[in-house]
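J.:
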Amino acid sequence: METKKEICFFFLPDFEKEERYLAEQHLQGWKLIQNKFGLLFIFEKCQPEHVVYRLDFKPKTQDNLEYLQLFKDYGWEYVGRCNHFSCFRKSKVLGEIELYSDRQSKFEMIGRIIGRQFLMALSLLILFTFLFYFLDMPAAIIGMATLAIPVLLYCLVGLLRLRQKYEEVG
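Residue numbers for the sequence shown follow this note's numbering, so the first one is 1416 and each next one is one higher.
#1: Would you kindly check if the distance between the Cβ of K1420 and the Cβ of F1452 is under 8 Å?
#2: Measuring alpha carbon to alpha carbon, tell me which residue in E1417, I1525, K1460 and V1467 is nearest Y1436.
#3: Please determine, among I1541, L1480 and L1442, the residue with the shortest C-alpha to C-alpha distance to P1463.
#4: Taking only three categories from DSSP, how would you classify F1425?
#5: With contact counted as at least three CB pairs below 8 Å, one residue from each stretch, are the region 1476 to 1493 and the region 1522 to 1532 in contact?
#6: Under the three-state reduction of DSSP, which class applies to Y1493: helix, strand or coil?
#7: Between which two residues does the alpha helix (DSSP H) containing E1481 stretch?
#8: Three or more C-beta pairs closer than 8 Å, one from the region 1489 to 1500 and one from the region 1536 to 1553: is that the case here?
#9: Does I1564 come out as helix, strand or coil in the three-state DSSP assignment?
#10: Just verifying my parser: in three-state terms, what is the DSSP assignment at Q1440?
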């Protein structure tokens, strides 16, 4: 089967853009078969079809099989995992195109994303503090912080906008 690989990067708050990107690829005749490192998308040639892709942010747990079975029972095909996102797809003609039919579940998912982003920011802050105080490399540390802080701020603002969007929709 013919395959293609594309390198794309999406930040955590851009998961809806990623869903649209995957749906557009499928409509052009390329279905996602694997995602590696959160950057490398591997597609397989298929019949062009109107398909919805949805990403659910849920860390792996012991109840993972029941979690996947629940979505399968509602017609969702599990594609794979990437960076704690579970990727599902479903034909648009099969009815409901949202993983969650209630606003509270969507809020909980966004809350999990914000919590993960906060932990990442806190980890970086601790790392930069450690490096600054215990290593004599202030220029390198300031450089790393200069790169990391705008990315974290972008993610935080994006996630807060998503939360506000779903508050307004409900």
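Beta carbons: idealized from backbone N, C-alpha and C, even for Gly.
T.: In short, the structure shows the following:
#1: Not a contact, by the Cβ cut-off of 8 Å.
#2: Ranking the options by Cα distance to Y1436, first place goes to V1467.
#3: Of I1541, L1480 and L1442, the smallest CA-CA separation from P1463 is found for L1442.
#4: Here F1425 sits in coil by DSSP.
#5: They do not touch, by the three-pair rule.
#6: In the three-state scheme derived from DSSP, where H, G and I count as helix and E and B as strand, Y1493 is classed as strand.
#7: Per DSSP, E1481 is one residue of the alpha helix (DSSP H) stretching across N1479 to D1488.
#8: Because the criterion of three Cβ pairs below 8 Å is not met, the region 1489 to 1500 and the region 1536 to 1553 do not touch.
#9: DSSP places I1564 in helix when its eight states are reduced to three.
#10: In the three-state reduction of the DSSP assignment, Q1440 falls in the helix class.
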